[in-house]
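Numbering (this note's numbering), first residue to last: 359 to 493. Just so it is clear, CB atoms sit at the ideal spot from N, CA and C, and this is done for glycine as well. A quick write-up on the structure given underneath.
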């Protein structure tokens with residue numbers, strides 16, 4: 359299924375923050391790094407990566423710099439974590455389940471599995487990378 363000309367919408371738990379992402383994601387990954395685990399309060403961050411220029415966000419958001427390269431963006435009202443935004447202005451990851459159509463995108467690979475929680479079994483047949491995926 360090609361989404362290239364489509365506009366994909368979504369938002370937070372309380373509905374105060376809404377977003378539109380235009381076109382096709384650069385990649386769709388499940389990140390198992392410790393920062394993503396702590397940010398999401400979950401074993402991994404499943405996200406679709408879009409160019410920041412292709413994403414419009416409205417509503418009350420707050421950001422937290424989780425590293426020099428990345429900030430986490432969440433709703434200021436309900437606290438839903440929605441995005442991981444690169445500080446250099448290039449890309450942002452959008453949480454897959456924040457899209458209105460939560461089954462629209464599926465991860466195609468797992469990254470940072472060296473930091474994966476031990477009890478999570480990855481048996482989906484997708485490629486797995488110890489750290490970041492090769493470019």
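- A buried status is given to residue 369, since no fewer than 16 other beta-carbon atoms sit within 10 Å of its beta-carbon.
- Contact between residue 413 and residue 421 is absent: CB atoms are separated by about 14 angstroms, not below the 8 angstroms threshold.
- DSSP places residue 460 outside both helix and strand once states are collapsed to three, so it counts as coil.
- In the three-state reduction of the DSSP assignment, residue 393 falls in the helix class.
- Considered as a whole, the stretch 365-447 harbours 392-398 as its complete alpha helix (DSSP H) runs of no fewer than 4 residues, in chain order.
- From the listed residues 379, 391, 402, 405, the smallest Cα separation to residue 416 is found for 379.
- For the 7 angstroms CB-CB criterion, residue 387 and residue 465 form a contact.
- Judged by beta-carbon spacing, residue 441 lies beyond the 7 angstroms limit of residue 454, meaning their Cβ atoms are not closer than that value.
- The continuous beta strand (DSSP E) containing residue 451 extends over residues 449-453.
- The three-state secondary structure of residue 467, taken from DSSP, is strand.
- The residues 427, in chain order, have a CB closer than 8 angstroms to that of residue 446 in the same chain once the five nearest residues on each side in sequence are set aside.
- Nearest C-alpha to residue 423 among 399, 400, 394: 394.
- Cβ contact annotation for residue 472 (same chain, cutoff 7 angstroms, sequence separation greater than five): 488, 489, in chain order.
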